[in-house]
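So the structure is just underneath, and the comments pick up after that.
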Amino acid sequence: MKTVYLDNNATTRVAPEVIDAMMPYFSEYYGNPSSMHSFGGQVEKHVAKARETVARLLNCDPSEIVFTSCGTESDNTAIRGTLDAYPQKKHIITTRVEHPAVLNVCRYLSKRGYRLTELSVNAKGQLDLAELESALTDTTAIVSVMYANNETGVMFPVEEIGARVKSKGVVFHCDAVQAVGKIPLDMSKSTIDLLSLSGHKFHAPKGIGALYIRKGTKLTPFMIGGHQERGRRAGTENVPYIIGLGKAAELALKHIPQDYPHIKTLRDRLEKALLMKCPDACVNGDQEHRLPNTTSISFEYVEGEAILLMLSEKGIAASSGSACTSGSLEPSHVLRAMGVPFTRVHGSVRLSLSRYTTIDEIDYTIAEFPPIIKRLRELSPFGKEPHLPAGHGNDSTHVRQT
Ligand code: PLP
């Protein structure tokens with residue numbers, strides 16, 4: 003059976019070049035980079051090279067890159083490390099549409115003495131910058147706003163946000179896990195103080211990430227122990243994975259300029275065809291300011307989970323929300339924050355492409371997808387109704403039972 007992987011915002015396949023680059027670090031180059039002998043010294047040089055390449059991807063200084071175990075660790079370090087560094091400031095600002103790696107940390111802290119502001123978004127998934135400005139106070143320690151949303155691909159105007167945050171002397175953290183490796187980023191011209199990235203979103207393995215820390219940014223280490231990463235993140239370096247991240251960064255540097263338009267063309271082809279062939283379908287979120295590889299589409303009167311199962315039978319992998327929450331039946335907090343009606347939230351599917359996605363795969367999906375929606379609607383008790391009355395479906399339990 004043909005297989006088509008359209009869940010690249012959940013994770014990506016590891017690039018073959020990345021695997022090749024990593025292999026010697028499991029066998030030949032097994033030294034500890036902190037060791038004084040030649041085994042260690044040799045490895046340390048390669049770790050330094052990987053750091054340089056990751057820094058080139060962000061256009062920053064290599065000393066501003068700290069390797070971590072994942073995007074979640076980078077987010078935790080940024081937020082908790084800033085709060086520890088500014089103990090007199092007890093206010094955090096974030097948005098209602100962040101990934102749980104940010105949102106749940108902030109909510110956890112709000113139960114432990116911190117005041118939390120969660121900025122709202124409009125129907126397009128965009129922030130109101132006036133709301134941000136009025137939320138900023140003398141006690142605000144950190145503003146954490148994502149670069150691009152993992153469910154909708156909607157991109158925030160992070161530099162405009164950063165300018166407002168910096169004018170108040172507040173630390174600005176950006177979870178750029180979904181942006182790095184997909185679009186060009188330039189820290190030399192940025193207002194961002196701290197930026198999180200994760201290797202497995204751009205063809206490095208799972209379990210490696212990094213935190214960009216702008217020179218001069220005060221941050222208390224989250225992992226305490228040895229002196230690795232210049233005292234900013236203790237723990238023996240995960241050398242093979244750091245090398246893999248470096249290789250993935252090198253490939254991204256090479257591929258972004260040509261991939262960006264190509265992936266966007268394929269995404270638009272898929273989106274346009276599905277909207278044309280499936281009645282009562284619409285795209286969620288701002289279509290103008292969006293990652294080139296992502297589309298979130300809602301199909302009224304059907305369940306996202308049912309669509310996924312039937313797509314899976316055809317060999318097509320997609321997602322009905324963020325990977326981290328797909329095991330639960332909770333409707334997407336992102337779409338809910340955007341005020342998307344429950345019937346549409348429950349019928350939402352996220353399709354996310356990568357540079358390995360081919361036009362054949364897109365055309366196969368365009369052929370297989372619409373009959374699935376048609377079949378599910380025939381089975382659905384709501385399927386034959388052209389439109390549900392206003393307000394119908396606001397009871398999530400009721401909708402889920404269909
Ligand atoms: N932030 C965003 C926006 C994400 O999409 C993810 C993963 O889906 C994370 C953070 C967490 O990254 P990791 O899986 O590397 O912990």
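Last residue of the sequence shown? That's 404 in the working numbering, and every number before it is there in order. We put the CB at the ideal spot given by N, CA and C, even for glycine.
(request) Could you check what DSSP says for residue 304 in three-state terms: helix, strand or coil? (result) Taking the first residue of the sequence shown as 1, we reach residue 304 at position 302. Residue 304: coil per DSSP, three-state reduction.
(request) Verify whether the separation of the beta carbon atoms of residue 347 and residue 320 is less than 7 angstroms. (result) Numbered from 1 along the sequence shown, position 345 holds the residue referred to as residue 347. Numbered from 1 along the sequence shown, position 318 holds the residue referred to as residue 320. No, Cβ-Cβ distance for residue 347 and residue 320 is not below 7 angstroms.
(message) For residue 112 and residue 118, I'd like the C-alpha separation in whole angstroms.
(response) Reading the sequence shown from its first residue, position 110 is the one you call residue 112. Reading the sequence shown from its first residue, position 116 is the one you call residue 118. In a straight line, the C-alpha of residue 112 is about 6 angstroms away from that of residue 118.
(message) Relative to the C-alpha of residue 287, which candidate in 227, 341, 309 has its C-alpha closest?
(response) Here residue 287 refers to the residue found at position 285 when the sequence shown is read from its first residue. For the residues 227, 341, 309, the minimum Cα distance to residue 287 belongs to 341.
(request) Specify, as a first and last residue, the run of the alpha helix (DSSP H) that residue 54 falls within. (result) Against the sequence shown, residue 54 aligns to sequence position 52. Looking at the DSSP string, the run of the alpha helix (DSSP H) that includes residue 54 is 40 to 60.
(request) Have a look at residue 127 and residue 6 and give me their C-alpha separation to the nearest angstrom. (result) On the sequence shown, position 125 is the one that residue 127 refers to. On the sequence shown, position 4 is the one that residue 6 refers to. For residue 127 and residue 6, the distance between alpha carbons rounds to 28 angstroms.
(message) Measuring only from the beta carbon, is residue 240 closer than 6 angstroms to any heavy atom that is part of the ligand PLP?
(response) Within the sequence shown, the letter at position 238 stands for residue 240. Answer for residue 240: no, Cβ out of range of the ligand PLP.
(request) Quick one: residues in its chain with C-beta nearer than 7 angstroms to the C-beta of residue 174, no 5 flanking neighbours on either side, listed in chain order? (result) Working through the sequence shown from its first residue, we reach residue 174 at position 172. Cβ within range, chain order: 145, 164, 167, 168, 193, 194, 195.
(request) Note down, in chain order, each residue of its chain lying with its Cβ closer than 6 angstroms to the Cβ of residue 318, except the 5 sequence neighbours on either side. (result) Here the question's residue 318 lines up with position 316 in the sequence shown. So the list reads 6, 367, once near-sequence residues are dropped.
(request) Just tell me which of 250, 303, 237, 279 has its CA closest to the CA of residue 20. (result) Position 18 of the sequence shown holds residue 20. Residue 250 is the option with its Cα nearest to residue 20.
(message) Can you tell me whether residue 179 sits near the ligand PLP, meaning its C-beta is under 6 angstroms from at least one heavy atom of the ligand?
(response) Stepping through the sequence shown from its first residue, residue 179 is reached at position 177. Yes, Cβ of residue 179 sits closer than 6 angstroms to a heavy atom of the ligand PLP.
(request) Look at the Cβ atom of residue 298, then the Cβ atom of residue 75, and state whether they are nearer than 7 angstroms. (result) Locating residue 298 in the sequence shown gives position 296, counting from the first residue. Locating residue 75 in the sequence shown gives position 73, counting from the first residue. In this structure, residue 75 does not lie closer than 7 angstroms to residue 298 by Cβ.
(request) Please check the pair residue 131 and residue 355, which I expect to be a contact at CB under 8 angstroms, by giving their CB distance rounded to whole angstroms. (result) Here residue 131 is taken as the residue at index 129 of the sequence shown, counted from 1. Here residue 355 is taken as the residue at index 353 of the sequence shown, counted from 1. The pair is not a contact, with the Cβ atoms about 30 angstroms apart (cut-off 8 angstroms).
(request) Spell out the partners DSSP gives residue 196 in its beta bridges. (result) For the purposes of this step, residue 196 is taken as the residue at position 194 of the sequence shown. Paired residue(s): 175, 215.
(message) By the three-class DSSP mapping on this structure, what secondary structure does residue 7 have?
(response) Numbered from 1 along the sequence shown, position 5 holds the residue referred to as residue 7. Strand at residue 7.
(message) By DSSP's criteria, residue 350 is part of a beta bridge. Which residues make up the other side?
(response) To locate residue 350, count along the sequence shown from 1; it is residue 348. In the DSSP output, where bridge partners are listed per residue, residue 350 has 300.
(request) Tell me whether residue 306 is buried or exposed, calling it buried when 16 or more other Cβ atoms sit within 10 Å of its Cβ. (result) Here the question's residue 306 lines up with position 304 in the sequence shown. So residue 306 counts as buried.
(message) Are the CB atoms of residue 210 and residue 243 within a distance shorter than 7 angstroms?
(response) Here residue 243 corresponds to residue number 241 of the sequence shown, with the count starting at 1. Here residue 210 corresponds to residue number 208 of the sequence shown, with the count starting at 1. Yes. Within cutoff.
(request) Can you tell me which of 109, 65, 34, 178 puts its alpha carbon nearest to the alpha carbon of residue 93? (result) Against the sequence shown, residue 93 aligns to sequence position 91. Comparing Cα positions, the closest option is 109.
(request) Find out if the Cβ-Cβ distance for the pair residue 224, residue 79 is shorter than 7 angstroms. (result) The count along the sequence shown starts at 1 and reaches residue 224 at position 222. The count along the sequence shown starts at 1 and reaches residue 79 at position 77. In this structure, residue 79 lies closer than 7 angstroms to residue 224 by Cβ.
(message) With a threshold of 6 angstroms on Cβ separation, who are the neighbours of residue 60 within its own chain once the five nearest residues in sequence on each side are excluded?
(response) Numbered from its first residue, the sequence shown carries residue 60 at position 58. The residues are 187, 189, 214.
(message) Could you compute how far the alpha carbon of residue 221 sits from the alpha carbon of residue 234?
(response) The sequence position of residue 221 within the sequence shown is 219, counting from 1. The sequence position of residue 234 within the sequence shown is 232, counting from 1. Whole-angstrom Cα-Cα distance: 8 angstroms.
(request) Counting only the same chain and skipping the five closest in sequence on each side, list residues whose C-beta sits under 6 angstroms from that of residue 325. (result) Residue mapping note: residue 325 aligns to position 323 of the sequence shown, counting from 1. Confidence at residue 325 is low in this model, with a pLDDT of 39, below 50, so the placement of that residue is unreliable and no value is reported for it.
(message) For the ligand PLP, is there any heavy atom lying closer than 6 angstroms to the beta carbon of residue 339?
(response) Start at 1 with the first residue of the sequence shown, and residue 339 comes out as number 337. No, since every heavy atom of the ligand PLP falls outside the 6 angstroms radius drawn around the Cβ of residue 339.
(request) Go through the segment 102 to 138 residue by residue and report every complete run of the alpha helix (DSSP H) that reaches 4 residues or more, in order. (result) 102 to 112, 131 to 137
(request) Compute the minimum distance between the beta carbon of residue 103 and the heavy atoms of the ligand PLP, and state whether it is under 6 angstroms. (result) One-based indexing of the sequence shown puts residue 103 at position 101. Yes, the beta carbon of residue 103 sits closer than 6 angstroms to at least one heavy atom of the ligand PLP.
(message) Starting from residue 283, trace the beta strand (DSSP E) in both directions and tell me its first and last residue.
(response) Along the sequence shown, read from residue 1 onward, the residue named residue 283 stands at position 281. Counting along the chain, the beta strand (DSSP E) containing residue 283 begins and ends at 283 to 285.
(message) Quick check on this structure: which residue in 17, 219, 343 has the alpha carbon closest to the alpha carbon of residue 245?
(response) Within the sequence shown, the letter at position 243 stands for residue 245. Residue 245 has its Cα closest to that of 17, out of 17, 219, 343.
(request) Assuming residue 280 contacts residue 372 (C-beta within less than 8 angstroms), just tell me the rounded distance between them. (result) To locate residue 280, count along the sequence shown from 1; it is residue 278. To locate residue 372, count along the sequence shown from 1; it is residue 370. The Cβ separation is near 5 angstroms, so the contact holds.
(request) Look up residue 326 in the DSSP assignment and say whether it is helix, strand or coil. (result) To locate residue 326, count along the sequence shown from 1; it is residue 324. Because the pLDDT of residue 326 is 38, which lies under 50, any placement of that residue in the model is unreliable, and the question is left without a value.
(message) Just to confirm my understanding: we take residue 55, look at its own chain, exclude 5 residues before and 5 after, and list those with CB closer than 6 angstroms. What are they?
(response) As a working mapping, residue 55 is identified with position 53 in the sequence shown. Counting only Cβ-Cβ distances below 6 angstroms, and skipping sequence neighbours, we find 248, 251, 252.
(message) Under DSSP, the alpha helix (DSSP H) around residue 167 begins and ends at which residues?
(response) Along the sequence shown, one-based indexing puts residue 167 at 165. First-last of the alpha helix (DSSP H) with residue 167: 160 to 169.
(request) For residue 145, write down the residues that DSSP places opposite it in a beta bridge. (result) To locate residue 145, count along the sequence shown from 1; it is residue 143. Answer by DSSP bridge pairing, in chain order: 95, 174.
(request) Report whether the distance from the Cβ of residue 62 to the nearest heavy atom of the ligand PLP is below 6 angstroms. (result) Translated into positions along the sequence shown, residue 62 becomes position 60. No; taking the cut-off as 6 angstroms, the Cβ of residue 62 has no heavy atom of the ligand PLP nearer than that.
(request) Give the single residue among 241, 202, 176 whose Cα lies nearest to the Cα of residue 32. (result) Your numbering for residue 32 matches position 30 in the sequence shown. Looking at the Cα atoms, 241 is the closest of the given residues.
(request) Verify whether the separation of the beta carbon atoms of residue 203 and residue 179 is less than 7 angstroms. (result) The residue you call residue 203 lines up with position 201 of the sequence shown. The residue you call residue 179 lines up with position 177 of the sequence shown. The answer is yes: Cβ separation under 7 angstroms.
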